[in-house]
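**Student:** Just so you know, the sequence shown maps onto residues 11 to 1193 in my numbering. Where is the CB? At the ideal position from N, CA and C, for every residue including glycine.
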Amino acid sequence: MKKLYYLIVLLFPLLVLGQSADQNYIKTMIYKKAVLATIPGTVPPVETADIQITYMDGLGRPIQQRAYRETHTGKDMVTHIEYDGLGRQSKNYLSYPNNSTPSLNYDPNAATAVKDYYTPSGVSFTNFEGTAYPYSETQYDNSPLNRVVKQSAPGDDWYMGSGHEIKMEYQANTAADGVKQFKANAQWVASYGIFTISMTELSSYGTGQLVKTVLKNENWTSGKDNTTEEFKNPKGQVVLKRAYESQVAHDTYYVYDQYGNLTYVLPPLAGGIVTPEILNNLCYQYGYDENNRLVEKKLPGKEWEFIVYDNLGRVVATGPALSPFGDESKGWLVTKYDAFDRVVLTGWMPVAFETLTRKNLQFSLNATVTNLNETKSTAVSTVNGVGFNYTNVAFPTSGCHVLSVNYYDDYAFAGAPSSFAATATADIYYNNSTQKPKGMPTGSWTRTLTGISQYDGETAYVLYDVKSRAVCNYSSNNFGKYTQVDTQYDFSGKPLKAITLHRRSTAMAEVKTTQTFEYTPQDRLLRHRHQVNNLPEEVLSENRYNELGQLWIKKVGGVVDNPLQVVDYGYTVRGWLKAINPDTSGPPPPPNDLFYLRLNYSTAEGDPAPAVQQYNGNIAQVSWKTASDGQWRKYHYRYDNLNRLLSANYQKNYDATSAYDEQLTYDKNGNIQSLLRNGGHDLQVGIAMDELVYGYSPNSNQLEKVTDNSQNAGGFYDGNTAGNDYEYDLKGNLTIDRNKGISKIYYNHLNLPTKILFGSESRKIEYFYNADGSKILKQVTDGATVTSTDYLDGYQYTNGVLQFFPTAQGYISHSVGNYNYVYNHTDHLGNVRVSYAKDPVSGLTKIVEESNYYPFGMKHANYNDYAPPAPGIANKGYQYKYNGQELQTELGLNLYDMPLRDYDPVIGRWSSMDPVVDFERSPYNGFDNNPVFWSDPSGASVTFYNNGVTADGEDAGAFYNAILGAQNNGIASFTPLGPIYDYTAYTTLPPVYLNYGNFGDNATMLRQHVYRNSPFYNYIWEQGRQRQLDSFNTMLDAFGLIPGIGEFADGLNVAIYTARGDKVNAAISAASMVPLLGWAAVSTKYAVKGGVQAAEYTFTKSAGKHLTEVVTKGANKGQLSRPYMNSSLTIQEIMSTGKGSIDATFKGGMNWKVPGTFRGSQGIWELGINPKTSVIYHFNFVK
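Take a look at the structure:
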């Protein structure tokens, strides 16, 4: 009866809140505070509950949505929804604040009110644009297919009929299209356990053999430029994607075997020509086993890589992988699982690949039908000097070097706490025999890669409260270092307080930081306070929002009534950032602004030559000014029709001086062919500093030589004039750079550099990592001088002395026991532009550093230069600049240390291959050759499926970097603690301490998730879909088939490291050979032959979930069956054999039984599926 009582209490308010009685509706009320009951006839205050109501018409379609008191002034936020005569939602209106008394009542005048609000005269604030078109609009063709032919965006420049819509055309191919036809024949070779592939070119496709879709982007005016053509065969497979630059076709071909597996991708530079050299150096090649599992792959310029599976279809080995210890030996990266498919151990097994080949290892594992899973054990198993609390029965039981161990469900492991006293912020509930964190990650051990015979590591654990929220994150190493983060939450899960305790070693004092968070009634971050030890508290930020929920004003630093800076933001009608500190600032009156930024998209200013207007999201102009000299500076940008930056023309005080111009040309893969750069002097006439000509290996993306024809100092240093400048290893990593005097670069299993030699051991840079890729130490040897830099959870030390640690708005500089707050003004890409601080002597706010950049990241020189800051104000060792990443200048290296690879801003290229494959571009291109739009620290990507979006990497927030920059939007985007959700894996992960490292990697990880609630999230993603063409596809194209979304980099399970908040492995999730959907995606993808099926059978994530349950309940009398992920038949092929039988057990279910084979055995394939929902509930093979 007690449970029933509480149910009534929770539902009672739903019966008494006001709403329009003459309308159908669904009301949602989520309490933010614990309440016993609500007084009848009253509405809970917005501080107590989030209330939303959706009104429906007689057909059950939503016609209006209303969020109660959602604006900062307490107004309701209303979204009007309307349909055309055929029931289609042809217009999507922006939300608007309703000026009537908050009531949740239906507004019959919403269609007029939204237009009135957004008219220029109706906009009551200065940081947002008005428009007569506050909606996007879709135009359909006149056919039963209801295909989209035009789509416009909100705003006066994009309305339907403006000429700047996105346009689609649906055609059949003609012979004039000249689409080449390739055939890949898969031949089974049992002795190798793989299908060998032979490819032949047939005659071109004839007229009408392919479906052709043409997409014209918002910059299109006429001709082929700014269009993308996609050709699909009758199976729905994309065989060609064609884009145009200067009317020249750039073709990417996709080739499939007879089973529908993607086997070859020919990028534009290949030109549709197939030779062994072109295949190996430019193309993507994939091989499969009899179960249609990807087992080998070759990326352009890399050696063949292999994948091995166990009998449950799980990836257990990948290779060849370089040694984690940087000695250039090779081996297998191995993974062990428990019975719930959770990764429990990873390691590296050195082997001679000539002996233990993929075939031999796979055949051995095929014969292993027992001891497939590890089980928790109180006894300690030891492998090569590393002990762990598992049984060690699964492959491999010996011969490997353990890299990481993960624990779940309890705290029975070495280094875990034995007592569970309350933390500084919360009680620990999950700690005894009856309340254990079942199903939760509880701890881990991660090896420190100092040597193959050294077994040091970092132990971490997570403690939870009764709601399974992480209230304590603790990590320690063998040298006395520890970091502990205690978090206090409110009823709804928002962090209220975070206390961090950190110590480098037992000989050093502990540093304590306390952060508190206050929120608006709408749950947006209002105030973020910060305190070091017992020093005076600092207000990092105090935020004010406009009525659309966007950050409007941010007070930074100091105390509440006396901030160091007041920063205000302006936006376009499409939600794009257009200004930081615009000229027309809103109240309160700001102190002297130190940094101004203006972004122009579809508008163009300038004299004598205005920039070219951009309607597709590219930035046409960037203007900035700092308090250093008060001079306005500007870049005008020009792009080619593939959105690659062609030129950046510099102006000073509206005069075209060309002092810091850049001009570029590219080949078809986007490899830079030439770069002209002016610089060195902020004069009226530009001086050519670099005239670079790039030379590449034949039919390759790998750079061999750069020649500077300018002969001027500065910029690129042409230190080698004889022979080639660059060499690479078989992983595509740069190993020699003769221009910089680098004689050898060594790498580890993650392709991260471990040692860089400048001629000899007396001049070198060494890097040490944890096995998950977290950099923990850098040692620079220059003769007899050795300088050490420790990177410990964001705290950075030089020769054992703490230098600084990051905050949400900059960093805290440490000098001789003194702590000083330094703040960063960042631009729309997260580039640090101005660093400022309060002088502890004078009390004045001072600029301590200013950085202005060429588009590709090299810093401008010879104006607004600042001497190294005085001790106690800022720290000269703080080198986080472009994209918020660390610039390494030691020994003339001059590379940005970005997660997973280094970046050279002088030549605009990565030093190693980008971890995420983009078939249409070179893997060495920096920022897709559009560094004005993209911020790309980790290389992770975003995948666009039919009508939705899946983030395939924790740096998918690059979208938000590019558009919204360094400020939050709508909610507490920069809250350093809070729940992180991995939407694609359906896993709730514990809070992550995002102040680990600087802005750019961790902050974007948080923004990826929280921005889902921001007002303009949908539009930003919509633009991404448009850029990828997929929003108008009716089924998955080759982009989402497999190999290309991401490549399996190391065999480590990324979800565990993400749960621990590790920034590198959060990014590695995008490098997974299997998409981040996890093993569920493996089954779905391969069981349906690479995801190619008719649109009506597009399977959901739910289907993947059912396929990968360890035991799935079948449809026949509750029998238990194990689902196989290696069917010789596709789901569509099974269903096409005839109508299935009705399943009485599962409503809407249909059953099929079709003869087939599995590993050479004859039998019956059983399929149970609901064709309407695409949920697969039974899939089994019976001999």
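1. Where does R368 fall in DSSP's three states?
2. On the criterion of 16 or more Cβ atoms from any shown chain inside 10 Å, does P915 qualify as buried, or is it exposed?
3. Quick one: what does DSSP say Q637 is sitting in, helix, strand or coil?
4. Which whole runs of the beta strand (DSSP E) in the segment 568-596 are 3 residues long or more, in chain order?
5. Tell me which same chain residues have a C-beta within less than 8 Å of the C-beta of V390, skipping the five on either side of it?
6. Please classify A185: is it buried, with 16 or more other beta-carbons within 10 angstroms of its beta-carbon, or exposed?
7. Where are the beta strand (DSSP E) runs, 3 residues long or more, that stay fully inside the segment 797-841, in chain order?
8. Going by C-alpha to C-alpha distance, which of Y150, Y269, Y625 and D475 sits closest to W168?
9. Can you tell me where the beta strand (DSSP E) with V124 in it begins and where it stops?
10. So does the segment 768-780 actually touch the segment 345-357, counting three or more Cβ pairs closer than 8 Å?
11. Quick check on DSSP: helix, strand or coil for I283?
12. Going by C-alpha to C-alpha distance, which of Q1172, L1177, G1173 and A621 sits closest to I1152?
13. Of the residues W642, Y676, N653 and Y649, which one's Cα is nearest the Cα of Y660?
14. Reducing DSSP to helix, strand and coil, say where A186 ends up.
15. Which residues in the same chain have their Cβ closer than 7 Å to the Cβ of S387, if we skip the five residues on either side of it in sequence?
16. Report buried or exposed for D664, applying the criterion of at least 16 other Cβ atoms within 10 angstroms of its Cβ.
17. Counting pairs of beta carbons, one from the segment 841-861 and one from the segment 898-909, are three or more of them closer than 8 Å?
18. What would DSSP say about I629, mapped onto helix, strand or coil?
19. Can you tell me which of the three DSSP states Y529 falls into?
20. Where does I288 sit, in a helix, a strand or coil, going by DSSP?
21. Do the segment 881-897 and the segment 256-271 touch if we need at least three Cβ pairs shorter than 8 Å?
22. For V481, does the count of other Cβ atoms within 10 angstroms reach 16, so buried, or fall short, so exposed?
23. For E179 and V159, I'd like the C-alpha separation in whole angstroms.
24. What number of angstroms, rounded off, separates the C-alpha of L655 from the C-alpha of N935?
25. Run the CB neighbour count on G1173, radius 10 Å, all protein chains shown included, and call it buried at 16 or more, exposed below.
26. Are there 16 or more other CB atoms within 10 angstroms of the CB of N119, so buried, or fewer, so exposed?
27. Can the beta-carbon of G568 be found closer than 9 Å to that of V549?
28. Quick check on the burial criterion: 16 or more other C-beta atoms within 10 angstroms. Buried or exposed for L587?
29. Taking contact to mean 3 or more Cβ pairs, one atom from each stretch, closer than 8 Å, check whether the segment 419-435 and the segment 451-464 are in contact.
30. Which same chain residues end up closer than 7 Å to R368 when comparing Cβ atoms and leaving out the 5 residues on each side of it in sequence?
31. Give the range of the beta strand (DSSP E) segment to which P330 is assigned.
32. So, is A182 buried or exposed, given that buried needs 16 or more other C-beta atoms within 10 angstroms?
33. Helix, strand or coil for E57, going by three-state DSSP, please let me know.
34. Should L535 be labelled buried (16 or more other beta-carbon atoms within 10 Å of its own) or exposed?
35. Return the first residue and the last residue of the beta strand (DSSP E) that S162 is part of.
36. Between which two residues does the beta strand (DSSP E) carrying G769 extend?
**Tutor:** Checking against the coordinates, here is how it stands:
1. Here residue 368 is taken as the residue at index 358 of the sequence shown, counted from 1. Residue state, collapsed to three classes: helix.
2. In the sequence shown, counting from the first residue as 1, residue 915 sits at position 905. Flag for P915 reads buried.
3. Here the question's residue 637 lines up with position 627 in the sequence shown. One detail in the question is off: residue 637 reads as Ala in this sequence, not Gln. For A637, the three-state secondary structure derived from DSSP is coil.
4. Taken in chain order, the complete beta strand (DSSP E) segments of 3 residues or longer contained in the segment 568-596 are 575-581 and 587-590.
5. In the sequence shown, residue 390 corresponds to position 380, counting from 1. The residues are G397, F398, N399 and A424.
6. Numbered from its first residue, the sequence shown carries residue 185 at position 175. It is exposed - the Cβ of A185 has fewer than 16 other Cβ atoms within 10 Å.
7. Listed in chain order, the complete beta strand (DSSP E) runs (minimum 3 residues) inside the segment 797-841 are 805-808, 811-817, 820-825 and 828-836.
8. Along the sequence shown, one-based indexing puts residue 168 at 158. Here the closest residue by C-alpha is Y625.
9. Your numbering for residue 124 matches position 114 in the sequence shown. Counting along the chain, V124 falls outside any beta strand (DSSP E), though it belongs to the alpha helix (DSSP H) covering A120 to Y128.
10. Here the segment 768-780 makes no contact with the segment 345-357; the two share fewer than three CB pairs at distances below 8 Å.
11. Position 273 of the sequence shown, counted from the start, is the residue given in the question as residue 283. The DSSP-derived three-state label of I283 is coil.
12. Taking the sequence shown and counting its residues from 1, one reaches residue 1152 at position 1142. L1177 is the residue among Q1172, L1177, G1173 and A621 whose C-alpha sits nearest the C-alpha of I1152.
13. Reading the sequence shown from its first residue, position 650 is the one you call residue 660. Nearest option by C-alpha distance: W642.
14. On the sequence shown, position 176 is the one that residue 186 refers to. In the displayed model, A186 falls within a helix according to three-state DSSP.
15. Here residue 387 refers to the residue found at position 377 when the sequence shown is read from its first residue. Excluding positions up to five away in sequence, the list reads N399, Y400 and T401.
16. Mapped onto the sequence shown, residue 664 falls at position 654. Position check: residue 664 holds Tyr in this sequence, whereas Asp was assumed. Counting Cβ neighbours within 10 Å, Y664 comes out exposed, since fewer than 16 surround it.
17. Because the criterion of three Cβ pairs below 8 Å is not met, the segment 841-861 and the segment 898-909 do not touch.
18. In the sequence shown, the residue the question calls residue 629 occupies position 619. Looking at I629 - three-state DSSP - the assignment turns out to be coil, as it is neither helix nor strand.
19. One-based indexing of the sequence shown puts residue 529 at position 519. The answer is strand: DSSP assigns Y529 an E or B state.
20. By one-based count along the sequence shown, residue 288 stands at place 278. Residue state, collapsed to three classes: helix.
21. Between the segment 881-897 and the segment 256-271, the count of C-beta pairs closer than 8 Å stays below three; the two stretches do not touch.
22. Reading the sequence shown from its first residue, position 471 is the one you call residue 481. Buried, because 16 or more other Cβ atoms sit within 10 Å of the Cβ of V481.
23. For this step, residue 179 is matched to residue 169 along the sequence shown. For this step, residue 159 is matched to residue 149 along the sequence shown. Rounded to whole angstroms, E179 to V159 spans 6 Å at the Cα level.
24. By one-based count along the sequence shown, residue 655 stands at place 645. By one-based count along the sequence shown, residue 935 stands at place 925. The alpha-carbon atoms of L655 and N935 are separated by roughly 12 Å.
25. Residue numbering aside, residue 1173 sits at position 1163 when the sequence shown is read from its first letter. In this structure G1173 is exposed. Its beta-carbon is surrounded by fewer than 16 other beta-carbon atoms within 10 angstroms.
26. Here residue 119 is taken as the residue at index 109 of the sequence shown, counted from 1. By the neighbour-count criterion, in which 16 or more other beta carbons inside 10 Å mark a residue as buried, N119 falls on the exposed side.
27. Taking the first residue of the sequence shown as position 1, residue 568 is located at position 558. Taking the first residue of the sequence shown as position 1, residue 549 is located at position 539. Contact: yes.
28. Taking the first residue of the sequence shown as position 1, residue 587 is located at position 577. Buried, because 16 or more other Cβ atoms sit within 10 Å of the Cβ of L587.
29. With the cut-off at 8 Å, the segment 419-435 and the segment 451-464 touch.
30. By 1-based counting over the sequence shown, the position of residue 368 is 358. Result list for R368: V305, E306, F316 and V318, in chain order.
31. On the sequence shown, position 320 is the one that residue 330 refers to. Start and end: V325 to L332.
32. Along the sequence shown, one-based indexing puts residue 182 at 172. Per the 10 Å Cβ criterion, exposed.
33. Residue numbering aside, residue 57 sits at position 47 when the sequence shown is read from its first letter. When DSSP states are grouped into helix, strand and coil, E57 belongs to the coil group.
34. Looking up residue 535 in the sequence shown gives position 525. Under this definition L535 is a buried residue.
35. The residue you call residue 162 lines up with position 152 of the sequence shown. Where S162 is concerned, the enclosing beta strand (DSSP E) starts and stops at V158 to S162.
36. Here residue 769 refers to the residue found at position 759 of the sequence shown. From DSSP, the beta strand (DSSP E) with G769 extends over P763 to S770.
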